[in-house]
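Peer 1: Chains F and L supply the protein sequences, listed in that same order.
Convert by adding 24 to the 1-based position in the first sequence; the result is the number in my numbering.
Convert by adding 51 to the 1-based position in the second sequence; the result is the number in my numbering.
C-beta atoms are modelled at their ideal positions from N, C-alpha and C, and glycine is treated no differently.
In this text the structure is predicted, and so the values were computed from the model without any measurement.
Take a look at this one; I'll ask things after.
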Amino acid sequence: DSGVTQTPKHLITATGQRVTLRCSPRSGDLSVYWYQQSLDQGLQFLIQYYNGEERAKGNILERFSAQQFPDLHSELNLSSLELGDSALYFCASSPRNSGGYTFGSGTRLTVV
Amino acid sequence: GESVGLHLPTLSVQEGDNSIINCAYSNSASDYFIWYKQESGKGPQFIIDIRSNMDKRQGQRVTVLLNKTVKHLSLQIAATQPGDSAVYFCAENIPTSNYKLTFGKGTLLTVNP
Chain F
25 DSGVTQTPKH LITATGQRVT LRCSPRSGDL SVYWYQQSLD QGLQFLIQYY
75 NGEERAKGNI LERFSAQQFP DLHSELNLSS LELGDSALYF CASSPRNSGG
125 YTFGSGTRLT VV
Chain L
52 GESVGLHLPT LSVQEGDNSI INCAYSNSAS DYFIWYKQES GKGPQFIIDI
102 RSNMDKRQGQ RVTVLLNKTV KHLSLQIAAT QPGDSAVYFC AENIPTSNYK
152 LTFGKGTLLT VNP
């Protein structure tokens with residue numbers, strides 16, 4: 025157990041739907057990062073939050089959004105889902121606004 | 052579970068041999084590098100890191116070498132075991148990118164008993 029908790033582990037939903045993925049960082053970690061992993065794209069950075077504030081954005085689609093709450097857990101919201109959004113979504117955390125993350129075990133999203 | 056390594060470079064070794072996994076990184080300004088191991092169905096797991104002011108760092112059975120001249124990173128695994136079978140990613144920290152890590156495509160290591 026890495027200390028980073030992601031729920032749910034698996035999610036199957038239909039095109040056009042909206043889902044929310046949840047991440048609880050390791051105790052004491054202030055930064056949360058979201059990554060998408062697909063077979064052909066590898067690990068792609070989506071977005072980073074540090075102590076509740078957005079710090080960096082990657083190639084995150086406008087249909088996707090995220091937030092970090094006062095208790096430091098984070099949620100990634102994916103809407104108007106398309107088949108191509110099927111992927112593993114990982115959350116990672118780190119103590120500061122710096123690299124060297126600890127990853128969660130991921131949420132496998134399947135859009136049908 | 053579904054493999055993340057269908058289109059990855061692969062390395063196949065015999066149990067007990069030493070493995071060397073290579074990575075070419077992208078940005079000469081990168082100041083921190085990490086190797087991660089990802090087993091099927093799991094999240095990436097930290098193995099070892101190195102800062103740009105070092106050329107070599109050793110851990111338990113693993114050594115990372117950094118050649119900044121040619122922007123090359125390698126991971127050496129001594130006495131490779133079947134449990135080392137996984138996809139290995141290098142990641143670089145680019146200071147101007149607000150500390151997000153940029154990951155390489157990964158290498159699939161298969162250890163044959």
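1. Tell me L:Thr-153's beta-bridge partners as DSSP assigns them.
2. Who are L:Ile-98's beta bridge partners in DSSP?
3. Tell me the residue span of the beta strand (DSSP E) that contains L:Leu-62.
4. Quick one, which of L:Leu-152, L:Leu-117, L:Thr-147, L:Gly-134 has its alpha-carbon nearest L:Pro-164's?
5. Say whether the stretch 98 to 117 of chain F touches the stretch 52 to 65 of chain F, bearing in mind that this needs 3 or more beta-carbon pairs closer than 8 Å, one atom from each stretch.
6. Answer with buried or exposed for L:Lys-107, where buried requires no fewer than 16 other C-beta atoms within 10 angstroms of its C-beta.
7. Provide the residue span of the beta strand (DSSP E) that contains F:Thr-44, from first to last.
8. Using the rule of at least 16 other Cβ atoms within 10 Å of the residue's Cβ for burial, across every protein chain shown, is L:Lys-88 buried or exposed?
9. In this structure, how does DSSP classify F:Gly-108 when only helix, strand and coil are distinguished?
10. Is the beta carbon of F:Pro-119 closer than 8 Å to that of F:Gly-52?
11. Taking only the alpha-carbon atoms, compute the straight-line gap between F:Gln-199 and F:Arg-132 and give it to the nearest angstrom.
12. Whole angstroms is fine: what's the gap from L:Thr-147's alpha carbon to F:Ala-80's?
13. Among F:Leu-35, F:Pro-32, F:Ser-104, F:Tyr-74, which residue has its Cα nearest to the Cα of L:Lys-151?
14. In whole angstroms, what separates the C-alpha of L:Gly-110 from that of F:Ala-38?
15. Taking C-beta to C-beta, are F:Gly-128 and L:Gly-94 nearer than 8 Å?
Peer 2: The answer reads as follows:
1. As a working note, residue 153 of chain L is residue 102 in the second sequence. Paired residues: L:Glu-143.
2. The residue given as residue 98 of chain L occupies position 47 in the second sequence. BP columns for L:Ile-98 are empty, so no partner.
3. Walking along the second sequence from the start, residue 62 of chain L turns up at place 11. Here the beta strand (DSSP E) through L:Leu-62 covers 61 to 65.
4. If you number the second sequence from 1, residue 164 of chain L lands on position 113. The shortest C-alpha separation from L:Pro-164 is found at L:Gly-134.
5. yes
6. Position 56 of the second sequence, counting from 1, holds the residue named residue 107 of chain L. Exposed, since its Cβ has fewer than 16 Cβ neighbours within 10 Å.
7. Position 20 of the first sequence, counting from 1, holds the residue named residue 44 of chain F. Counting along the chain, the beta strand (DSSP E) containing F:Thr-44 begins and ends at 43 to 48.
8. On the second sequence, residue 88 of chain L is found 37 positions in, with the first residue counted as 1. Its Cβ being crowded by 16 or more others within 10 Å, L:Lys-88 is buried.
9. Along the first sequence, one-based indexing puts residue 108 of chain F at 84. Three-state DSSP puts F:Gly-108 in a helix.
10. Taking the first sequence and counting its residues from 1, the one referred to as residue 52 of chain F is at position 28. Taking the first sequence and counting its residues from 1, the one referred to as residue 119 of chain F is at position 95. A contact, by the Cβ cut-off of 8 Å.
11. No answer is possible for residue 199 of chain F: the residues shown for chain F start at 25 and end at 136.
12. Counted from its first residue, the second sequence places residue 147 of chain L at position 96. Counted from its first residue, the first sequence places residue 80 of chain F at position 56. Those two C-alpha atoms are separated by around 11 Å.
13. In the second sequence, the residue the question calls residue 151 of chain L occupies position 100. Checking every option, the nearest Cα to that of L:Lys-151 belongs to F:Tyr-74.
14. Position 59 of the second sequence holds residue 110 of chain L. Position 14 of the first sequence holds residue 38 of chain F. One C-alpha to the other measures close to 45 Å.
15. Working through the first sequence from its first residue, we reach residue 128 of chain F at position 104. Working through the second sequence from its first residue, we reach residue 94 of chain L at position 43. The answer is yes: Cβ separation under 8 Å.
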